[in-house]
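For reference, the structure is listed below as structure tokens.
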Amino acid sequence: MHQSVKYALKCLKCGKTYSENQYICACENKCDALLKTVYEQKKFTIDESYQGIWRYHQWLPIQKIDQRLVDSSSSPLTYKSTKLAAHLGLKNLFICLNAYPHCHTGSFKDLEAEVTFQRVMNTFDSGKPLVMSSDGNNAIAFVHYSNVIRYPIFLFATEDARLRRIWSFSKSNPYTRLFPIEGDYFDAINLANQFAHVEGYLSEGGFRNVGRRDSVGTMMLEVTQLLGHLPDHYFQALGSGPGAIAAYEASERLILDGRFGKKLPKIHGAQNYPFVPMVEAWENNSRKIDERFQTVSAKQLIDQTLAHVLTNRFPAYSLIGGMYDVLQETKGEMYSVTNEEIEKAQLLFEKLEGISVVPEAGVTIASLQQAIRKETVSPQDYIVVNVTGGGRKEIKRERIHIEPYKFTTKKQQINQRSLEEKIQHSKELIQESLQTYGDKVAVACSWGKDSMVLLHLARTVNPDIPIFSVLTIHKPKETFDFVVKVIQQYHIKPNIFMVGDTIPEVFLKNNIEVTLLPMDEYRLEEEKIKKETGHEIYFADPDICCKLLKVVPVRYAYTTLGLRAWFSGLRSSEGYTRKYLAEIEKISESETKINPLLSWTEEEIWKYIKNNKLPAHPWYKKRYNDGRKIRSLGCEPCTVPIFDHESERDGRWRKTLKKGGECGIHTRSSGERK
């Protein structure tokens, strides 16, 4: 009964293809483009031996279907509207109703979850936990199906979403690890992306995941089957955009079939005002989203929205195959919908169609009303409306909030200590490590405020403790000057490593030794990226820049010095990437990382510096007219001042997807640790 489906994934930019046996969501050539599924079966076929979404398995990125998913299949109710259609003056309005009980959690995300789980289980990566982010509906669906299929997920979400929008029917969710963070949806996405790089884990992929897109594309297949031809219009509210992209991709396949028409449906997308990045970009005929929607200040706009799940700051708009291309190809439209319009549309739909709908579905209905007023649709047109969620008011089963995954209670106890107690605890941890590792443990010094505290604490325990540091060619002049100042003040001799052609002049002048590492690989990557993107490597691909200038030299230093352990100045309050770290990290059999300052706050760091009259980098003393300041010190092009209310590391890699994240030294995969 289970049939094999043959397909490949193709990059829409470079054309590189990938096997169905790989769970991959992005081109290995780092193309700014989507991967698209290319199916061996070119004719649209329906397998009536299945129910729900699995009837379309020939055009789903799977090879076989698990019976547990067959038994728990979700599928939208697709029908021709009479009451709402009459009210709107439309003759051919078709509704894809993704509502409870047709979709088990009352959202079209159920389709995405079940196909994604089946896809990963059909690949060589089966068994690896899926790492994902969500602001609501995705989390609910993936938690539900992780329980059905007994497959592990690591879920990153905002604390606001956890408390207000994420729930489960089950009191026990043994296959889910939920990590709530402070910040917005983009912050959750960012952390999930970094966590997914650790060996043994998989990025679920978000809008890049063909399993998600092709599952939603089955709605276009079902409507076309019902009509016998492609519709004229497709309406959907957009957060990241994969649903509308999916409708477009499915329509392309149906046109290639040759039996359902030659004209693509016009794609109509909508967003919740005032957070309307794609609407504004499209109205300005721009492929680029305005930066004000992608900075921290955008959170103020997000907080004003009713349909909070539609607030991705970095949607699938600009990349090849994304929403900009879809709107261009279909001569599409975008709509800005107010909270008042949403609420009225929700009430209208419930009154006429007899079922409640979620706010984002209200956005879709309201956009249809706008289109009618603007006469971008005609009464006789065949119109499809994707009602992405509903029926939740009608759910009688208990819905339970999911508790955060807790590593340990010990760290919480440490966090409640006074500064004096923390100082003593840090010294004891350093002393114990010295007793364990002797001269095979060293202090890693970055010359920032935390390193100054760590260095001082470590030297009160052992004045001759080994010190190593990795500097980069992109460090500001003030950093090199500050290193000289500290070395001379403390009379220390750190082991300094640096990828570069020449030793900084100030080091030569002061007879400071530096181990230079070759720049060949870095220069090749730098030139290649500059040629391909027109941008500097640290903006276009900060991950590879950090890897070659920081991560690789740290590995070289650790190995060359013959270390078995090292001290870092990491603190859990610095940002979301460090919130759940342990004081002692057993990285491998030959490497342990100790974080003596993990429980310290930023305020306590500065208090210790002041009380002990420690030197501090001059950049920390800079003040800007708007009140911003440098709070986390990095390379010059990747460090900007931020406000006090922001997360401490939000000034790092500010205008990239790496914003507030890690260089890679503390998030290396096991393959990079060897």
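Residue numbers are given in the numbering used here: position 225 of the sequence shown equals residue 225, and the series is strictly consecutive. C-beta: ideal position from N, C-alpha, C; glycine also. Treat the numbers as computed from the prediction; the structure is a model and nothing was measured.
Cβ atoms of L306 and N284 stay farther apart than 8 Å, at about 25 Å.
Where H268 is concerned, the enclosing beta strand (DSSP E) starts and stops at 266-272. The three-state secondary structure of N138, taken from DSSP, is helix. By the neighbour-count criterion, in which a residue is buried when 16 or more other Cβ atoms sit within 10 angstroms of its Cβ, I289 is buried. About 3 Å separates the beta carbon of G217 from that of A250, a gap short enough to meet the 8 Å contact definition. Shown here for T376: same chain residues with a beta carbon closer than 6 Å to its own, the five before and five after excluded, namely E333 in chain order. Judged by DSSP secondary structure, S433 falls within the alpha helix (DSSP H) whose first and last residues are 419-437. With fewer than 16 other Cβ atoms inside 10 Å of its own Cβ, H401 counts as exposed. Within the same chain, and ignoring the five residues on either side of K550 in sequence, the residues whose Cβ sits closer than 8 Å to its Cβ are V470, T472, C663, G664, I665. For N98, there is no enclosing alpha helix (DSSP H); the residue is found in the beta strand (DSSP E) stretching over 92-99. Counting along the chain, Q236 sits inside the beta strand (DSSP E) bounded by residues 233-237. The continuous beta strand (DSSP E) containing F468 extends over residues 467-471. According to DSSP, L130 shares a beta bridge with I153, L202. As summarised for the stretch 476-511, the continuous alpha helix (DSSP H) elements at least 4 residues long and confined to that stretch are 477-490, 505-509, given in chain order. If you draw a 10 Å sphere on the C-beta of E28, you find fewer than 16 other C-beta atoms in it, and that means exposed.
Distance check between F468 and each of F539, E403, C445 places C445 closest, using alpha-carbon atoms only. P504 and A26 have their C-alpha atoms roughly 39 Å apart. Separation of the CB atoms of N209 and G661 is rounded to 21 Å, and the pair is thereby denied contact status at 8 Å. Per DSSP, the unbroken alpha helix (DSSP H) holding E283 starts and ends at 277-283. When secondary structure is reduced to three states using DSSP, C11 falls in the strand class. In the structure shown, G217 falls within a helical segment according to DSSP collapsed to helix, strand and coil. Shown here, L561 sits in coil according to DSSP, grouped into three states, outside any helix or strand. K80: member of the beta strand (DSSP E) spanning 77-80, first to last residue. Assigned with DSSP and collapsed to three states, E662 falls in coil, not helix or strand.
Between the stretch 90-105 and the stretch 386-405 there are three or more inter-stretch CB-CB distances shorter than 8 Å, so the stretches are counted as touching. Residue pairing of T515 in beta bridges, as defined by DSSP: F497. Beyond the five residues adjoining it in sequence on each side, Q225 comes within less than 7 Å, by CB distance, of I46 in the same chain, given in chain order.
Taking A113 as the centre and dropping the five residues before and after it, the same chain places the C-beta of A141, F142, Y145 closer than 6 Å to its C-beta, in chain order.
In this structure, DSSP gives N386 an extended state, which the three-state scheme calls strand. It is roughly 30 Å from the alpha-carbon of S203 to the alpha-carbon of A557. The beta carbon of T601 lies closer than 8 Å to those of R571, S573 in the same chain, with the five residues before and after it left out.
Contact between P466 and A442 holds: their C-beta atoms lie close to 4 Å from each other, under 8 Å. In the DSSP assignment, V115 falls within the alpha helix (DSSP H) that extends over 109-121. Y335 is positioned such that its CB atom lies no closer than 8 Å to that of F179.
Contact fails between the stretch 70-82 and the stretch 231-241, because fewer than three Cβ pairs, one in each stretch, are under 8 Å apart.
N625 and I642 have their C-alpha atoms some 12 Å from each other.
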